[in-house]
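Number of protein chains: 2
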Amino acid sequence: MATEGRKFKNFTEWFDELLLNSRIADPRYPVKGFIVYLENGKYVMECVRRKLEEKLEKDGHKPMLFPIVATEENFSKEAEHIKGFRQEVFSITRGEEGSSLILRPTSETIIYPMFSIWIKSYADLPFKVHQSCEIYRYETKATRPLLRVREIPWNEAHTVHESPEDAERQFKTAIRIYSEVLEELGIAFLLLKRPDFDKFAGADYSVAFDTWNPDGKVNQVATVHNLGTNFSRVFEILFERRDGGKEYGWQLCYGMGYSRVLAAIIAHHGDDVGPCFPPEVAPIQVVIVPIPFKGNEEEVINYSREILNKVREKYRVILDDRKDVTPGEKFYHWERMGVPIRLEVGPKEVASQTITLMRRDLRERLTVKIEELEKTINKIIVEMPKIFLAKSRQILGKMIIDSYTLEEAAEAIENKKIVRACWCGNIECADFIKTRVGGEIRGYRYDIHEEPFSNCVSCRKNSRYVIYIARAY
Amino acid sequence: MATEGRKFKNFTEWFDELLLNSRIADPRYPVKGFIVYLENGKYVMECVRRKLEEKLEKDGHKPMLFPIVATEENFSKEAEHIKGFRQEVFSITRGEEGSSLILRPTSETIIYPMFSIWIKSYADLPFKVHQSCEIYRYETKATRPLLRVREIPWNEAHTVHESPEDAERQFKTAIRIYSEVLEELGIAFLLLKRPDFDKFAGADYSVAFDTWNPDGKVNQVATVHNLGTNFSRVFEILFERRDGGKEYGWQLCYGMGYSRVLAAIIAHHGDDVGPCFPPEVAPIQVVIVPIPFKGNEEEVINYSREILNKVREKYRVILDDRKDVTPGEKFYHWERMGVPIRLEVGPKEVASQTITLMRRDLRERLTVKIEELEKTINKIIVEMPKIFLAKSRQILGKMIIDSYTLEEAAEAIENKKIVRACWCGNIECADFIKTRVGGEIRGYRYDIHEEPFSNCVSCRKNSRYVIYIARAY
Chain A
7 MATEGRKFKN
17 FTEWFDELLL
27 NSRIADPRYP
37 VKGFIVYLEN
47 GKYVMECVRR
57 KLEEKLEKDG
67 HKPMLFPIVA
77 TEENFSKEAE
87 HIKGFRQEVF
97 SITRGEEGSS
107 LILRPTSETI
117 IYPMFSIWIK
127 SYADLPFKVH
137 QSCEIYRYET
147 KATRPLLRVR
157 EIPWNEAHTV
167 HESPEDAERQ
177 FKTAIRIYSE
187 VLEELGIAFL
197 LLKRPDFDKF
207 AGADYSVAFD
217 TWNPDGKVNQ
227 VATVHNLGTN
237 FSRVFEILFE
247 RRDGGKEYGW
257 QLCYGMGYSR
267 VLAAIIAHHG
277 DDVGPCFPPE
287 VAPIQVVIVP
297 IPFKGNEEEV
307 INYSREILNK
317 VREKYRVILD
327 DRKDVTPGEK
337 FYHWERMGVP
347 IRLEVGPKEV
357 ASQTITLMRR
367 DLRERLTVKI
377 EELEKTINKI
387 IVEMPKIFLA
397 KSRQILGKMI
407 IDSYTLEEAA
417 EAIENKKIVR
427 ACWCGNIECA
437 DFIKTRVGGE
447 IRGYRYDIHE
457 EPFSNCVSCR
467 KNSRYVIYIA
477 RAY
Chain B
7 MATEGRKFKN
17 FTEWFDELLL
27 NSRIADPRYP
37 VKGFIVYLEN
47 GKYVMECVRR
57 KLEEKLEKDG
67 HKPMLFPIVA
77 TEENFSKEAE
87 HIKGFRQEVF
97 SITRGEEGSS
107 LILRPTSETI
117 IYPMFSIWIK
127 SYADLPFKVH
137 QSCEIYRYET
147 KATRPLLRVR
157 EIPWNEAHTV
167 HESPEDAERQ
177 FKTAIRIYSE
187 VLEELGIAFL
197 LLKRPDFDKF
207 AGADYSVAFD
217 TWNPDGKVNQ
227 VATVHNLGTN
237 FSRVFEILFE
247 RRDGGKEYGW
257 QLCYGMGYSR
267 VLAAIIAHHG
277 DDVGPCFPPE
287 VAPIQVVIVP
297 IPFKGNEEEV
307 INYSREILNK
317 VREKYRVILD
327 DRKDVTPGEK
337 FYHWERMGVP
347 IRLEVGPKEV
357 ASQTITLMRR
367 DLRERLTVKI
377 EELEKTINKI
387 IVEMPKIFLA
397 KSRQILGKMI
407 IDSYTLEEAA
417 EAIENKKIVR
427 ACWCGNIECA
437 DFIKTRVGGE
447 IRGYRYDIHE
457 EPFSNCVSCR
467 KNSRYVIYIA
477 RAY
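In the order they appear, the protein sequences are chains A and B.
First residue of the first sequence: 7, per the working numbering; consecutive thereafter.
First residue of the second sequence: 7, per the working numbering; consecutive thereafter.
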């Protein structure tokens, strides 16, 4: 039975091997920070994309596609924003004549000039759009496939509202949508309000979805930002109020990174053999492996085909009837490809009109009557993400260590944990924590209020926040 | 009744107005050749994308995602290719240290270095991948929204084969897949083998799908290229043959432009009011418009809701129950949004338990019994693209004018026609034709053999090809 030891012991080695072996991604592209997404990686990201887009569109977000380039002029307009991103942009030398262009590091400065053309009145609000695209950030830290790349596949949504209250309601809706996506994929996360010094450039405040990684570094998979009127003032997104006056729109933007969600799926549900994809996003959901013995090859193959025909309409299924490969090799191969359900069919199954079903989440073998196969698969498909989520939450819970001193915190970080500690709120202490603990303050809980349980871990004075400290990708 | 006069009389004006009015695209982005795709344009392109990708994946193409950047070194490797694209590339100033990068104008030089890592033996072949992405070409001609842009949303497929025969078989499969996509969208096209001087840079030969545009310019929506071993030699895509020897892979690449297919859908099926989207790709397939009279508002609305509930599971449907807008304004609005089927519900319909159905393709009103509604909608959804295709073919047929002299040809081009003429095959004559006729040689038919019907339209010597001459986007 496969264990999950390796991913916790040596995450980098486990992850890098898996990416190639499981046809997720190939990091051997000759430009730093740019990788090739192979068929399984691309397929899973595409499923996550459709899932997210469906929820966004159901909530009234219109799908759009904005250009990849911002003019230098528009990009430079919002002072905080430009300060936050200036060091990270790729510039294009041949673009519009007489003005230079930058590749989007995020699309505020591309989208909002259009908003100012489109939005005239309260009747146009709320205005909600989304796009799935790639963004470009010239990362100066070490790059890591899926987790820290310079070409980032993501979805970004941008909304404009009539009032701060309406923007706040949408903020909670965005949190709900992202939470649903992650939970339905079995991914546990911490919902953290970022400290002011770490919020999105140009935002009033930011909330992030940080999920655990086996090496203890958190993986930020999504963020939601309240922009207030910071951008609408700069890009003149003015609307006529119900009372006839003019006002700047209240804006949000939020994004989810597809490659980081993919990384979380792999890291949370994978084992020593490879990834196990949640059925909803698995490129292949069910593999049928015939196990013929001499003399009954034909009836085993025929029975396997019968099963294939029974389930092929409803599931993404493959019958692996290769002749020159042993069943054991096939088992291993399809586990590496992340297939969550395996059907094994031998003479015994033919004789009893059953199927041996191996579910990858529990690594359990069941004997299923042929007439109950569909029902059983359906049940597993519904159950599996819930089991994944429960397990993922359990691991996250165990990974969080309460620390009362900087030494304790440093030791926890060293041991690949996430630290929960108390903080006075001063930036000097934040800096001190970062230096001494070796992790950064990721923020305090947005979803629940946590009452400080000690004085500030750094200065020992009264604390205001229960913060989470971790290293991060 | 709406006519289709305007699109033929003044295409540019009709098209530009429609793009904004029908929420297709906004060309007012402040960088030349870059446009914003609005919700309807984006939605239709996304449907076309899924349709094409499904067919490609059914044929064994694996979905992948390759980086947007090529290294200057790889980009420059294939001499013909670099010659063809050099003038069109956008370069990036901040990229990998010590080497410059270009934004993909097409991905051969990005993908093929990876192929050379992945492909080792005949057992790896055929190798087929596809990706949907945007490509970047610094167009020096006048840009036009959807038709000639600098940021081009498309799908590209790349394949490697064991033999030229296998590559040829795949060539025909690619032609079949693209033909199906276009025909299922009701788009007629000419399948033209490009003359040597106009083939893809680095290809042995190219076949293109040219479709008609109301202004007489053809719109190339897709191309299929046989690359022979031109690229595999340069990028060392070598495989071990069945007999143990080594050989360069035989390659194809082919692409379909989503914005150009969208332009064809609009141009072919639109009328004076707006576009009519084929039901399969329509953002909204059915709109329900209540037509209440005083005293029966409630029963009309209730009946409309009943109809909505009847069809909402199967179709993308909207009930327009706005109170401050007249039914006539609603009709006009949803026609502008390209909705192919309208259901009108008034007191008469309530009384007789019927629905008045307006199908946009024939602009016909039918009275449908409520229990036959679903069957009728299904029938129309199946029929509509066929009717579109028949009509589109008829227009294409009428647009093609046989010409025996350069004067006739020039007059036909002037009159927004596509010229069919005979050509000796010499490049001098091609140049002469271009100068004198005002259109370029698009190629000769790939799908059928056409026997020359006169001497060369230019030099009057024996002709080898029946060519099509047109202006092009």
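Every residue gets a Cβ at the ideal spot worked out from N, C-alpha and C, and that includes glycine.
Given a cut-off of 9 Å on the beta-carbon distance, is the pair residue i and residue j in contact?
i        : j        : result
A:Gly192 : A:Lys375 : no
B:Ala418 : B:Trp429 : no
A:Val345 : A:Tyr309 : no
B:Val75  : B:Leu107 : yes
A:Val279 : A:Ile313 : no
B:Ser238 : B:Val166 : yes
A:Ile243 : A:Val293 : no
B:Glu446 : B:Ala478 : yes
A:His231 : A:Phe394 : no
B:Leu197 : B:Asp367 : no
B:Thr229 : B:Tyr260 : yes
B:Leu233 : B:Asp204 : no
B:Arg448 : B:Ile407 : no
Tell me which residues share the same chain as residue i and place their Cβ nearer than 8 Å to its Cβ, disregarding the 5 neighbours each side in the sequence.
i       : result
A:Met51 : Tyr43, Pro159, Tyr264, Ser265, Val267 and Leu268
For residue i, decide whether its Cβ has a neighbour in chain B, counting only Cβ atoms nearer than 9 Å.
i        : result
A:Glu60  : no
A:Ser97  : yes
A:Lys48  : yes
A:Val345 : no
A:Phe40  : yes
A:Gln137 : yes
A:Lys68  : yes
A:Glu102 : Reliability fails at A:Glu102, whose pLDDT of 48 lies under 50, so the model's placement of it is uncertain and no value is given.
A:Asn161 : no
Who does residue i pair with in a DSSP beta bridge?
i        : result
A:Ala214 : A:Leu198 and A:Thr229
A:Tyr309 : The partner list for A:Tyr309 (beta bridge, DSSP) is empty, contrary to what the question assumes.
B:Val472 : B:Cys428
A:Gln137 : A:Glu162
B:His167 : B:Trp256
B:Tyr450 : B:Lys199 and B:Ile473
B:Leu244 : B:Tyr254
Please return the same chain residues whose Cβ sits closer than 6 Å to the Cβ of residue i, not counting the five positions on each side in sequence.
i        : result
A:Ile272 : Pro281
B:Gln359 : Ile376
A:Tyr410 : Ser460
B:Glu102 : Confidence is the limiting factor: at B:Glu102 the pLDDT is only 48, short of 50, which leaves the residue's position unreliable, though a coordinate-based value still follows. Around B:Glu102: no qualifying Cβ.
B:Phe17  : Pro220 and Asp221
A:Phe438 : Ser464
A:Arg29  : Leu44, Glu45 and Asn46
Nearest to residue i by alpha carbon, out of the options?
i        : options                                  : result
B:Ile88  : B:Asp437, B:Ser28, B:Val230 and B:Val240 : B:Val240
A:Val443 : A:Asn421, A:Ile454 and A:Pro458          : A:Asn421
B:Pro298 : B:Leu25, B:Leu258 and B:Val331           : B:Val331
B:Ile387 : B:Thr77, B:Ala31 and B:Arg322            : B:Arg322
A:Leu26  : A:Thr9, A:Lys48, A:Gly11 and A:Lys38     : A:Lys48
A:Lys83  : A:Gln93, A:Pro119 and A:Leu412           : A:Pro119
At the 9 Å Cβ level, is residue i part of the contact set with chain A, yes or no?
i        : result
B:Asp367 : no
B:Trp124 : yes
B:Phe72  : yes
B:Met120 : yes
B:Asp327 : no
B:Pro220 : no
B:Asp32  : yes
Just to confirm my understanding: we take residue i, look at its own chain, exclude 5 residues before and 5 after, and list those with CB closer than 7 Å. What are they?
i        : result
A:Pro296 : Val306, Ile307, Ser310, Asp327 and Val351
B:Ile141 : Arg110, Pro111, Thr112, Ile158 and Trp160
A:Cys53  : Glu286 and Val287
B:Gly431 : Arg470 and Tyr471
B:Ala416 : Arg442, Val443 and Gly444
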